[in-house]
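A.B. asks:
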Amino acid sequence: MNLAEQLRGRLPYPFETIAVAITFSPRYKVVVKEAARMARLYRSKLILIHIGTLDEQQKQRMIRCVKECHIKEKYFTIISKKGAVVNTILKICKQNVVDLLILGAHKKESVLEHYVGSVARKISRKAKCSVLLMPNPKDRPKTFNKIAVSAVDLPKTPLTMTTAVYIANQEDSDVLHVVSEEYIPMFESAYADCSTDVELDNRKAEFVEQCKRRMRKLLDEIPGVSAINIKKRVIFGKPGHSIHVFAKSCKPDLLLVNSPKKHLGLLDRLFPHDLEHLLKDLPCNLLIVHSRGF
Amino acid sequence: MVKLGHHDMIVFLLVLGLIMIIARLFAELFKQFKLPSVLGEIIAGVILGPSVLGYFSPESFEYLFPFIAHPEFTSTIPVQYAMDSMINISVIMLIFVAGMEVQLPLVIEQGKVALSTTFFSMLIPIIFGYFGVQLFPDLFMASNGDVSVVGLFIGVVLCITALPVIARILMDMNLFKSRIGMTIIASAMLTDLLGWLIFSVLLSAIDDGDRMSLSYTLVSIVLFGGFMLTIGTRLIDKSLPWVQTKFSWPGGVLALLFGFCFLGAAFTESIGIHSILGAFIVGITFGDCANLRDRTREIIHQFVTNVFAPIFFVSIGLYVNFVDNFNLVLILILLFLAYSSKILGSYIGARICKLDTKSALAIGVSLNTRGVLEIILGSIAMTAGLINEEVFVAIVVLVVVSIITTAPMLKSIFNKQ
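Heads up: the sequence lines are chains A and B, in that order. Note that the working numbering gives residue 45 to position 45 of the first sequence, counting from 1, and the numbers run on in steps of one. One rule links them: number in the working numbering = place in the second sequence (from 1) + 294.
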C-alpha cells in the first residue's frame, strides 16, 4: 500500500505515531514531557522533529530529555531536516504517517504574528493530520481529566467526537463535555417583526431540542461511550467564538474541534470564523482533529 | 430658525401616533396570514394616504395630513421638515439593521460558490435592467435624465435580495443550515453589500452642485469601508465585552451603537455619498462583532422594526398615490425582468460551481425574494429624481409579489425533489 492510500483511509485515532516539533526554545523540555506522557499512555511511536542543523551535542540533549521521560530508545526517533519550517514539518508528518502532531504554542499572538502567522498556527491551518497545540505545557504532565468537544453540525463532527471518546477512555477522564455550537444568523431579524416572545422562545427551545437529539444520535453510534461521564450542552453564538467563550469559563484540560473545511488564508484572519477564533487566543490545550478524507 | 408651533406640534404628534397605531394593527393582521408585517405597514399607508382616504374623504385627509395635501403652503413647512427628519432617521436605522445582518466571515467561509452565485445573480439582473430601460425608456424615465444611469439603477433594484424574508422562509422549511441555505444567505449578504455600494456611487455620480469629485468620493469610501470592516470591527469587538459589562444594559449599549451609526452616516454624507451607506457599513461592523450579545441584536431589531420602520413604510403610502400611479404594463415588464434575470443569473452561478439543477433553481428562486431594501432604494431614487412615482409603485408591487410567491415556488421545487 503506498503512502497516499495509507493516509486516505486512516482514521484520526488510535494515535499509533505521535510527533513533536522541537525548537530548543526554553519550553522545549516540557513539550517533550507532554508528548512522552501521551506516547506512553497511547503506546505510540514517538518522533521528534527538528528543522535545521542538529549537531551531536543537541541530539544527545534531545535523547537525554526523552529518556528522562522513561521512553526507551527503540520507541522514539529523531528526524532532523533543513528547509522551510512549516512545509518540512508537514512533509515529515506525511512521510511517517503521523497521527498526532504536538506543538508548543503561545496563548496569544501579537497583531503582526496573527496576520503573518506563527509556525504553530500555520501548521494548524495546513496540517493533514491531527494537531495538538499546547499553550501551557506542564513540567509534570497530567492526564486530561476534563475534556470538551465541539459537536457543531458538520460532516466531520462524528469523527471528532469519536476521537474525543477514544481520548476520554484512554485518559480515564472524569467528564466529557459535548458542546453543540448553534449559530443561526439573522434569527432575530427573521422573527423580529412578526413573532411574540413566547413564539420566539418556543422556536429557540425547538432548536435546542433538535440539537440535543442530533448529539444523542451521534453519541449512540460511538463505541465506548457508556464508560464515560458525558455532559451535553447547547450554546448559541458564532462557531469557534462561542466554544472559545465556553472553554474560557469551563476550563477543560483539552478541547477538540474539527479541522478547517479548507486552507485558511489571510482573508479568514481578517474576517475570523470557526477555528480562527480559537487560534487568536488559545483557551486551553487545543486538539484539531483531521478526518483524513472521511 | 424654523420651529414647530403649537398647532404644528399637534399635527406632527397626531400623525406619528396614527401612523404607529394603524401600522401595528395592519402588521398584526398580516401576521395572521403569515405575511411580513412590512406589507401590512405599506397597506396602512396606502389606506391613510391619497390613494384611499384622500380619494374617498379628501377633507379628512387634508385635516390629518395638511403637509401632504398642500405641500405648497408655507404654514406646513415646519411639519414637512419634522416628518422628513423622522423618515430619514428611520431609513438610516433600517439600513443599519440591514447591515448588521451581513456577516462577512460567513461569506468568506462559503467561498467560491457564494462568489460565483453572487457575481452572476448581480451581473444578469444589471444587464437585464440596463437593456430593459433602453428598450422602454418612456415607461421607466422620470424626466430627461440619463437613460444609462436609470438603467443601472433598475439593474441594482433587480439584483438586491431580501435577507430577513428569505432567512425566515429557509428557517421555516428547515433549509437554513443546509448547504443550499448557507449559499443563499452568503450570496444575499454579498449582493446587498455590493448593491448598496453601486447604488451609492450611482447617486453620488448623478448629484451635481457642490459635491466633491467622484474619484475623491470613491477613494474615501474604500478607505472608510476598509478601515471599518477590518480594524474597526476588531477594535469594537475587543471593547464590546467591557462596554457590555460596564455600561447600563441595554440602554447604554444601544445609545453607543446608534451613535456610531449616525456618525458613520454623517461621514458618508460629508464625502458626497448618501448617508445610508455609512449606516450600512457601521451596521456590518457591529454585526460582525462576535462579542455583541444576541439579546442586544434582538432588542435593536425589535426597536427599529417596530418603532421606526412603520414610520417609513406608512409614509410611502402617504406620499405616493398608488391608484393614480398604478401602471400595469410597467409592473408586468418589471416583474418579468426581475424574475427571469435573478433566477437565471443565480442558476448560472450555482451551476458553474457544480451544484445540481434543482439546488441551483432553489437558489435562484430564493435569491429572487425582494423586500424592504428595494423599497428604500426606490424611495431614495424617487427623492433624487431618478425614477418617477409609477416606477416606484411598480417596485413596491414587485416586492409584494416576490414575497408572496417565493415560499410556494421553493416548496414546489423541493416537493418535486
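Built from N, CA and C at the ideal position, the CB exists for glycine as well.
(1) List, in order along the chain, the chain A residues whose C-beta lies closer than 9 Å to that of residue 648/B?
(2) Can you find at least 3 beta carbon pairs, one from the segment 576-590 of chain B and one from the segment 540-558 of chain B, that sit closer than 8 Å?
(3) Taking only beta-carbon atoms, is residue 705/B less than 8 Å away from chain A?
(4) Spell out whether any CB of chain B is found under 8 Å from the CB atom of residue 246/A.
(5) Going by DSSP in three states, residue 432/B sits in which element: helix, strand or coil?
(6) For residue 536/B, which of helix, strand or coil comes out of DSSP?
(7) Is the segment 394-408 of chain B in contact with the segment 614-632 of chain B, if contact means three or more CB pairs nearer than 8 Å?
(8) Between the segment 26-42 of chain A and the segment 82-98 of chain A, are three or more C-beta pairs nearer than 8 Å?
(9) In its own chain, which residues sit with a C-beta less than 6 Å from the C-beta of residue 568/B, not counting the 5 before and 5 after it?
(10) Restricting to Cα atoms, I'd like to know which of 640/B, 361/B, 665/B, 678/B is closest to residue 462/B.
(11) Does residue 68/A pass the burial test, meaning 16 or more other C-beta atoms within 10 Å, or should it be called exposed?
(12) Report the rounded CA-to-CA distance for residue 372/B versus residue 361/B, giving the unit in angstroms.
(13) Looking only at its chain, what residues have a beta carbon closer than 7 Å to the beta carbon of residue 531/B, apart from the 5 residues adjacent to it on each side?
(14) Looking at the structure shown, is residue 131/A part of a helix, part of a strand, or coil, going by DSSP?
(15) Name the residues in the segment 260-272 of chain A whose C-beta lies less than 8 Å from a C-beta of chain B; which are they?
(16) Using a beta-carbon distance cut-off of less than 7 Å, what residues from the segment 518-540 of chain B approach chain A?
(17) Could you run through the segment 655-675 of chain B and flag, in chain order, every residue whose CB is less than 9 Å away from some CB of chain A?
(18) Just to check my reading of the structure: residue 178/A and residue 232/A have Cβ atoms closer than 8 Å, yes? What is that Cβ distance to the nearest angstrom?
(19) Less than 7 Å between C-beta atoms, sequence neighbours within five positions excluded: which residues of the same chain meet that for residue 414/B?
(20) For residue 71/A, does the three-state DSSP call read helix, strand or coil?
(21) Please confirm if residue 413/B has its CB atom under 8 Å from at least one CB of chain A.
(22) Measure the beta-carbon distance from residue 86/A to residue 108/A and round it to whole angstroms, keeping in mind my assumption that it falls under 8 Å.
(23) Where does residue 122/A fall in DSSP's three states?
(24) Is residue 238/A close to chain B, meaning its C-beta is less than 8 Å from at least one C-beta of that chain?
(25) Which one or two residues does DSSP pair with residue 104/A in a beta bridge?
(26) Check whether the Cβ of residue 241/A lies closer than 8 Å to any Cβ atom in chain B.
(27) So what's residue 417/B in DSSP terms, helix, strand or just coil?
(28) Rounded to whole angstroms, what's the CA-CA distance from residue 715/B to residue 238/A? Just pull it up for me.
(29) Once the 5 residues before and after residue 477/B are set aside, which same chain residues still bring their CB inside 8 Å of it?
(30) I'd like to know if residue 153/A contacts chain B, where contact means its C-beta is closer than 8 Å to some C-beta of that chain.
(31) Does residue 290/A come out as helix, strand or coil in the three-state DSSP assignment?
(32) In terms of residues, what are the limits of the beta strand (DSSP E) holding residue 79/A?
(33) Should residue 288/A be flagged as near chain B, meaning a C-beta pair shorter than 8 Å?
(34) Considering only residues of the segment 189-236 of chain A, which uninterrupted beta strand (DSSP E) runs meet the minimum length of 3 residues and lie entirely inside it, listed in chain order?
(35) Nearest to residue 331/A by alpha carbon, out of 169/A, 217/A, 203/A?
(36) Note down, one range per segment and in chain order, each alpha helix (DSSP H) of at least 4 residues found wholly within the segment 343-406 of chain B.
C.D. replies: Quick look at the numbers:
(1) Under the 9 Å cutoff, chain A gives no residues; its nearest Cβ is about 16 Å from residue 648/B.
(2) yes
(3) no
(4) no
(5) helix
(6) helix
(7) no
(8) no
(9) Excluding positions up to five away in sequence, the list reads 494, 497.
(10) 665/B
(11) exposed
(12) 9 Å
(13) 583, 584, 585
(14) strand
(15) Taking 8 Å as the cut-off between beta carbons, the residues of the segment 260-272 of chain A near chain B are 261, 262, 267, 268, 270, 271, 272, in sequence order.
(16) 524
(17) So the list is empty, because no residue satisfies the distance condition.
(18) 5 Å
(19) 639, 640, 642, 643
(20) Coil, per DSSP.
(21) no
(22) That belief does not hold up - the Cβ atoms of residue 86/A and residue 108/A are roughly 20 Å apart, past 8 Å.
(23) helix
(24) yes
(25) 134/A
(26) yes
(27) helix
(28) This structure does not reach residue 715/B, given that chain B is present from 295 up to 711, and the question cannot be answered.
(29) Contacts found: 404, 407, 408, 411, 644, 649, 657.
(30) yes
(31) Correct three-state label for residue 290/A: coil.
(32) 76-81
(33) no
(34) List check, beta strand (DSSP E) in window: 230-236.
(35) The requested residue 331/A is not part of the displayed model; chain A covers only 1 to 294.
(36) 347-350, 352-358, 360-363, 371-395, 398-404
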